[in-house]
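Undergrad:
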Amino acid sequence: MFRREDALRVLREVGCSREVIQHCLAVERISLRLARRIRANGNKLDLRLVSLGALLHDIGRARTHDIRHGVEGGKILRELRLTDFVNFAERHLGAGITAVEAKDLGLPERDFVPKTLEEKIVAYADKLVMGERGASYEEALKWFRSELRPTHPAIKRFEALHMEIQRLLGK
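Counting in this note's numbering, the final residue of the sequence shown is number 177, and the numbers go up one at a time with none missing.
1) Would you mind working out which of Arg155, Arg42, Ile36, Ser57 sits nearest Glu11, comparing C-alpha positions?
2) Distance check for Pro120 and Gly79, CA to CA, integer angstroms please.
3) Can you list, in chain order, the residues of its chain whose CB lies under 8 Å from that of Val128, leaving out five sequence neighbours each side?
4) Taking the alpha-carbon positions, what's the Met169 to Gly100 distance?
5) What residue does the alpha helix (DSSP H) around Cys30 start on, and which one ends it?
6) Is the separation between the beta-carbon of Lys133 and that of Phe164 shorter than 8 Å?
7) Leaving aside the five residues before and after Phe6 along the sequence, list all residues of the same chain whose C-beta is less than 7 Å from its C-beta, in chain order.
8) Quick one, are the C-beta atoms of Leu175 and Tyr130 less than 8 Å apart?
9) Secondary structure at Val119, three-state DSSP: helix, strand or coil?
10) Is the distance from the Cβ of Ile65 to the Cβ of Leu40 below 8 Å?
11) So the alpha helix (DSSP H) Asn93 belongs to, where does it begin and stop?
12) Going by other Cβ atoms of all chains shown within 10 Å of its Cβ, with 16 needed for buried, is Ala68 buried or exposed?
13) By a C-beta neighbour count over all protein chains shown, 10 Å radius and 16 as the cutoff for buried, is Val148 buried or exposed?
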C-alpha cells in the first residue's frame, strides 16, 4: 500500500524543491484538519486519499511552476502508475478550470474542476497556503482578485467552494 512516506520520497525523487515539499506538507495539514471536521459532521470521505492527494498535488512543480504544473503533475503520476492521485494534481488549480478556460490557457481542452469531496478539500486547502504559510480565506480571495480580473469566473468558483466547505464544516 502506498503510504505517506512513499509520497514524500516520490516528491524528492522527481525533483521537487524543499520549498514545494514544505508547501505540500502545509496543504496536507490544513486538508486533514478540514477533512476530519467534515467527517465528524457525518460526511463520508477517505482521509488517506486526502493526505496523499494533498502531498502529491504539486508534484508537477518538479517540471514547471506555471499553470501547466497541474497537467505535468498528472503526467508524472501516470508515469509512476499513481493514478489514484492524478486528479489532485490536475484539478487543484484555482478552484478548478473549465474546458473552455483550459483551452484559452493552452492546456488540454478538458474540465479540470475538482469533483470529489477529497479533491475539493485539497483544492480549497491549497488556496489557504501561501508558500508554507497558512492564510485566511479573505487573504486568499484578495490574492485571487489581484491576480485575476474582478469578474473572472475562477473567483466565483472559489467563493462557491468556500461556501460548500463552510456548509460541510457546519458553519
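Built from N, CA and C at the ideal position, the CB exists for glycine as well.
From a predicted model like this one, the values you see are computed outputs, not experimental measurements.
TA: Taking the structure as given:
1) Start at 1 with the first residue of the sequence shown, and residue 11 comes out as number 5. The option with the nearest alpha carbon to Glu11 is Ser57.
2) Within the sequence shown, residue 79 is the residue found at index 73, counting from 1. Within the sequence shown, residue 120 is the residue found at index 114, counting from 1. C-alpha separation (whole angstroms): 15 Å.
3) As a working mapping, residue 128 is identified with position 122 in the sequence shown. Cβ neighbours of Val128 beyond the five flanking positions: Val33, Ser37, Val56, Gly59, Ala60, His63, Phe94, His98, Pro120.
4) Residue mapping note: residue 169 aligns to position 163 of the sequence shown, counting from 1. Residue mapping note: residue 100 aligns to position 94 of the sequence shown, counting from 1. One C-alpha to the other measures close to 15 Å.
5) Sequence index remark: in the sequence shown, residue 30 carries index 24 (1-based). That run of the alpha helix (DSSP H) goes 24-46.
6) Stepping through the sequence shown from its first residue, residue 133 is reached at position 127. Stepping through the sequence shown from its first residue, residue 164 is reached at position 158. A contact, by the Cβ cut-off of 8 Å.
7) In the structure as shown, the chain begins at 7 and stops at 177. Residue 6 is therefore absent and cannot be evaluated.
8) For the purposes of this step, residue 175 is taken as residue 169 along the sequence shown, with counting starting at 1. For the purposes of this step, residue 130 is taken as residue 124 along the sequence shown, with counting starting at 1. No; because the gap between Cβ atoms is not below 8 Å, this pair is not in contact.
9) Position 113 of the sequence shown, counted from the start, is the residue given in the question as residue 119. Coil, per DSSP.
10) One-based indexing of the sequence shown puts residue 65 at position 59. One-based indexing of the sequence shown puts residue 40 at position 34. The answer is no: Cβ separation not under 8 Å.
11) The residue you call residue 93 lines up with position 87 of the sequence shown. Taken as a continuous stretch (DSSP letters only), the alpha helix (DSSP H) holding Asn93 covers 92-96.
12) Taking the first residue of the sequence shown as position 1, residue 68 is located at position 62. Classification for Ala68: buried.
13) As a position in the sequence shown, residue 148 is number 142, starting the count at 1. The amino acid at residue 148 is misidentified as Val; the sequence shows Lys. Exposed, because fewer than 16 other Cβ atoms sit within 10 Å of the Cβ of Lys148.
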